[in-house]
Amino acid sequence: QVQLVDSGGGVVQPGESLRLSCETSGFIFRNYGMHWVRQAPGKGLEWVAFIRNDGSFQYYVDKVKGRFTISRDNSKNTVYLEMNSLKPEDTAVYYCAKGQYGSGWFGFDYWGQGSLVTVSS
Amino acid sequence: DVVLTQSPLSLSVTLGQPASISCRSSQSLVHSDGGTYLNWFHQRPGQSPRRLFYRVSNRDSGVPDRFSGSGSGTDFTLKISRVEAEDVGVYYCIQGTHWPPFTFGPGTRVDIK
Numbered sequence: 001q002v003q004l005v006d007s008g009g010g011v012v013q014p015g016e017s018l019r020l021s022c023e024t025s026g027f028i029f030r031n032y033g034m035h036w037v038r039q040a041p042g043k044g045l046e047w048v049a050f051i052r053n054d055g056s057f058q059y060y061v062d063k064v065k066g067r068f069t070i071s072r073d074n075s076k077n078t079v080y081l082e083m084n085s086l087k088p089e090d091t092a093v094y095y096c097a098k099g100q101y102g103s104g105w106f107g108f109d110y111w112g113q114g115s116l117v118t119v120s121s
Numbered sequence: 001d002v003v004l005t006q007s008p009l010s011l012s013v014t015l016g017q018p019a020s021i022s023c024r025s026s027q028s029l030v031h032s033d034g035g036t037y038l039n040w041f042h043q044r045p046g047q048s049p050r051r052l053f054y055r056v057s058n059r060d061s062g063v064p065d066r067f068s069g070s071g072s073g074t075d076f077t078l079k080i081s082r083v084e085a086e087d088v089g090v091y092y093c094i095q096g097t098h099w100p101p102f103t104f105g106p107g108t109r110v111d112i113k
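So the protein lines, in turn, are chains L and D.
Letter 7 of the first sequence, counting from 1, is numbered 7 in the numbering used here, and no numbers are missing.
Letter 66 of the second sequence, counting from 1, is numbered 66 in the numbering used here, and no numbers are missing.
Encoded structure:
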């Protein structure tokens, strides 16, 4: 069965960095794009980043451009979110979500359990 | 960016009664490839979102048939024919036609009256 396991969250101070990981199993990882989505405490869902199946292109919501980097290691079936210059407004549960097959961009059919990132001084 | 508006934002329903949630888009969600990229999710308290429908009306595996998705262009609807206790939580729509960014609606909270 498809599984996505988020990890790497924690408490950091403003300006610090953190790397989230999402280890997957149960599907051919290299064939699927992958997303990161976040949810601030008590708020709705916000899409953060997408990476194509082969890692050739990455896309971001404007508010994280230049600070966050999505990457993947197809040999480890894992997608990452490197977060730099963190701000208090980045505090959220971060979910990875499985994208669509091949050159598709949508999907969101399976989600990780989420990883809490708290940015506070 | 495309803005999705959901209504109502909160819904209190008697068990066994129907419920309907609207998702309206600021632009047509018909893609140049002819597809319409609009999904629906359900999120129970403390859980990850679960996809219910993809591309408007395609029901995901395991989703009860009391749920239905419909719509076109800018207007979309999620309906529950008979609400059950397990249906409580927040429902979100998301568009993937005009991206980046992918945009979610604000969510509709459903509880039992």
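The beta-carbon is built from N, C-alpha and C at its ideal position, and this holds for glycine as well.
All of these numbers come straight from a predicted model, not from anything done at the bench.
Of all residues in the segment 95-111 of chain L, the ones placed with a Cβ closer than 7 Å to any Cβ belonging to chain D are Y95, W105, F106, F108, D109 and W111, in chain order. Closest in alpha carbon position to T103 of chain D, among L:H35, L:G10 and L:Q13, is L:H35.
Looking from the CA of G112 of chain L, the closest CA among L:S121, L:G104 and L:G99 belongs to L:G99. If you check each beta-carbon in the segment 39-58 of chain L against every beta-carbon of chain D, the ones closer than 8 Å belong to G44, L45, E46, W47 and F50. A straight-line Cα-Cα distance of about 47 Å links S81 of chain D and P14 of chain L.
Contact with chain L is absent for G69 of chain D, since none of that chain's Cβ atoms lies less than 7 Å from the residue's Cβ.
Under the Cβ criterion (8 Å, minimum of three pairs), the segment 50-59 of chain D counts as touching the segment 102-117 of chain L. Scanning chain D for C-beta atoms nearer than 7 Å to the C-beta of G114 of chain L yields S48, reported in chain order. Judged by DSSP secondary structure, N39 of chain D falls within the beta strand (DSSP E) whose first and last residues are L38 to Q43.
For S61 of chain D, there is no enclosing beta strand (DSSP E), since its DSSP letter is neither H nor E.
Every candidate alpha helix (DSSP H) stretch fails here, since none sits fully inside the segment 4-54 of chain D while reaching 4 residues. In its chain, beyond the 5 residues on either side, C23, G105, P106 and T108 have a beta carbon closer than 6 Å to the beta carbon of Q6 of chain D.
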